[in-house]
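To start, the structure under review is shown below, and the notes come after it.
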Amino acid sequence: MIRKNPSGDLPQIAESAYVDKTAIICGKVVIGENVFVGPYAVIRADEVDASGEMEPITIGANSNIQDGVVIHSKSGAAVTIGEFSSIAHRSIVHGPCKVGDRVFIGFNSVLFNCVVGNGCVVRHNSVVDGRDLPDAFYVPSTTRIGPNTDLSQFPPVSVSASEFSEDVARTNVDLVRGYKALQNEF
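If you want it as structure tokens, here you go:
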């Protein structure tokens, strides 16, 4: 469902993007070329700041927002997902938040009030809250990173983790083409 927010903003969705019919895209949302938005995802830009303004939620080209993902923002803060990035099933990205290019966010992970640098991998069931991650940073599964977490204890992203992330992004770009072709059959 594509709908306006109470401020009257309507999503802007690239023609080449695929948005599943069960997804909800609401308000000041910009979805780039070849983006895949899976079943039951919710991307909702509807809250405003104290002056009545809001920044957009932007999804960069060739990224994928998988099944059941929720992207929202507090008080109109910006949320940006870079290009070729994957937000896996049932994850939550809550603004203010910026996710760089070629990032993988694993199943059930939560991001809030943070910047995730280019090439990062945040594995499944992890939380990043109030702490920015540098480029090529690796967060193991079930890790909680907060404002006081010592990042020096974590290894950089391995080649295999980067390759996995790239493969997920490529696969989902292929899915966009496949689902777009099927739209004409229904």
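In full-length UniProt numbering, the protein residues as written are 1 to 186. No residue lacks a Cβ here, since even glycine has one placed at the ideal position from N, Cα and C. Note that the structure is predicted; figures quoted are calculated from it, not measured.
- Per the coordinates, the alpha-carbon of Val-159 lies some 41 Å from the alpha-carbon of Asp-49.
- Excluding its 5 nearest sequence neighbours in each direction, Asp-135 has C-beta neighbours in its own chain below 6 Å: Gly-117, Asn-118 and Gly-119, listed in chain order.
- Within the DSSP bridge table, the entry for Gln-12 names Val-30 as partners.
- Residue Asp-129 holds the alpha-carbon nearest to the alpha-carbon of Ile-145 among Gly-100, Tyr-18, Val-176 and Asp-129.
- Minimum Cα-Cα distance from His-124 among the listed residues Leu-133, Leu-111 and Asp-132 corresponds to Leu-111.
- By the criterion of a C-beta distance shorter than 7 Å, Arg-131 is surrounded in its chain by Cys-114, Ile-145, Gly-146, Pro-147 and Thr-149, once the five residues flanking it on both sides are discounted.
- Take Lys-74, set aside five residues on each side of it, and the residues of its chain with a beta-carbon closer than 8 Å to its own are Glu-47, His-94, Gly-95 and Pro-96, in chain order.
- Exclusion of the five residues before and after Phe-107 leaves Ala-88, His-89, Arg-90, Ser-91, His-124 and Asn-125 as the residues of its chain whose Cβ lies within less than 8 Å of its Cβ.
- A Cβ-Cβ separation of about 7 Å places Val-35 in contact with Ala-61 under the 8 Å criterion.
- Nearest in C-alpha terms to Thr-142, of all of Val-122, Leu-151, Pro-155 and Gln-153, is Val-122.
- Taking C-alpha positions only, Gln-12 is separated from Pro-155 by approximately 38 Å.
- Residue burial annotation: Arg-44 is buried, with at least 16 other C-beta atoms found within 10 angstroms of its C-beta.
- In this structure, the beta-carbon distance from Phe-84 to Ala-169 falls below 8 Å.
- 8 Å or more divides the Cβ of Lys-28 from the Cβ of Pro-6.
- The C-alpha of Leu-151 is placed about 18 Å away from the C-alpha of Ala-161.
- Here DSSP, grouped into helix, strand and coil, assigns Thr-171 to helix.
- If only complete runs of 3 or more residues are kept, the region 95–170 shows the beta strand (DSSP E) at 110–116 and 127–129, in order along the chain.
- Residue Ser-63 holds the alpha-carbon nearest to the alpha-carbon of Ile-81 among Ser-63, Met-54 and Gly-68.
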